[in-house]
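Below is the structure:
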């Protein structure tokens, strides 16, 4: 009797083919594809149909300067973030689990703090009469305040602080997957700590560096609040320029063209990262 009832119950099956992916495809189309297509159409139709918006962006020296600033800041921030994040991630990977959980929680907690609040805190710390300059002057290292704000230095310090968790998280996962016996074997074979780092630890951690570096670089390209507050008008980046074009100048065509260029660059970098890291994983090379 019970066997017949069980036999009559309908069997739930996972939908096959396009039908199973239709809800996800619908959401992707509505929230990703349609906005991008609308952005592209505006960039080639306003104020008149054509590619004049792209010609202006690539032909005007002012806009070229903004593009240069954007990629310069993103490159510097990414490089400094990798340098600072690597020892922190290594410390998290080798420290006892209990202590590592506490430090890891502190890092995650910093991501939950309001971005604007953290940026204003750095404005207070980096200004000419801020804590950093006053401390350096009190201990005699400098005789006059250092220019730490409204320049590339201030933008780099503020953005590196904000980007650190996004670099540390993928690095910790990669470093924890490395067998410690590999480094011990290198030491037993006579390798110096520097050679073990350069020839073993660094190559094995490249997937984490690539993933975190791409995330930091892409986020830095489109960052708005921190570069605007700490960099000033002389170090304007692309996100601030797009906001000014649309909010102040109401130039939707030029702003859409700049945003679409930024999107293409981001997609190209992601494709390059997949190709390089994916090829290395498939070949098993270091």
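Numbering (my numbering), first residue to last: -15 to 270.
Note that CB positions come from ideal geometry on N, CA and C, so glycine has one too.
Run through DSSP, which three-state label would residue 228 get?
Position 244 of the chain shown, counting from 1, holds the residue named residue 228. Reduced to three states, the DSSP call for residue 228 is helix.
Residues near residue -15 by beta carbon distance below 7 Å, same chain, minus five either side
Taking the chain shown and counting its residues from 1, the one referred to as residue -15 is at position 1. Only weak support exists for where residue -15 lies, its pLDDT of 49 falling under 50; the value from the coordinates is given anyway. There are no such residues.
Let me know if residue 211 comes out buried or exposed under the rule of 16 or more other beta-carbons within 10 Å of its beta-carbon.
For the purposes of this step, residue 211 is taken as the residue at position 227 of the chain shown. With 16 or more other Cβ atoms within 10 Å, it is buried.
With a CB to CB cut of under 6 Å and the five nearest residues on each side skipped, what residues in its chain are close to residue 150?
Along the chain shown, read from residue 1 onward, the residue named residue 150 stands at position 166. The residues are 199 and 200.
Once you ignore the five residues that flank residue 115 on each side, which residues in its own chain have a CB closer than 8 Å to its CB?
The residue given as residue 115 occupies position 131 in the chain shown. The answer, listed in chain order, is 108 and 109.
Sequence-distant residues of the same chain with beta carbon closer than 7 Å to residue 68, five excluded per side:
Locating residue 68 in the chain shown gives position 84, counting from the first residue. Excluding positions up to five away in sequence, the list reads 144 and 148.
Counted within 10 angstroms of its Cβ, other Cβ atoms place residue 254 as buried (16 or more) or exposed
Position 270 of the chain shown, counted from the first residue, corresponds to residue 254. Residue 254 is exposed by the Cβ-count criterion.
Are the stretch 215 to 223 and the stretch 47 to 56 touching by the rule of at least three beta carbon pairs closer than 8 Å?
yes
If you run the structure through DSSP and keep just helix, strand and coil, what is residue 16?
One-based indexing of the chain shown puts residue 16 at position 32. The answer is helix: DSSP assigns residue 16 an H, G or I state.
Please classify residue 95 as buried or exposed, where buried requires at least 16 other C-beta atoms within 10 Å of its C-beta.
Residue mapping note: residue 95 aligns to position 111 of the chain shown, counting from 1. So residue 95 ends up on the exposed side.
Can the beta-carbon of residue 229 be found less than 8 Å from the beta-carbon of residue 239?
Against the chain shown, residue 229 aligns to sequence position 245. Against the chain shown, residue 239 aligns to sequence position 255. In contact: residue 229 and residue 239 (Cβ atoms closer than 8 Å).
Residues near residue 42 by beta carbon distance below 8 Å, same chain, minus five either side
Within the chain shown, numbered from 1, the residue matching residue 42 stands at position 58. Taken in chain order, the residues that qualify are 48.
Does the beta-carbon of residue 178 have 16 or more other beta-carbons within 10 angstroms, so that it is buried, or is it exposed?
If you number the chain shown from 1, residue 178 lands on position 194. So residue 178 ends up on the exposed side.
Let me make sure I understand the geometry here. Which of 195, 243 and 118 has the alpha-carbon closest to that of residue 259?
Sequence index remark: in the chain shown, residue 259 carries index 275 (1-based). The option with the nearest alpha carbon to residue 259 is 195.
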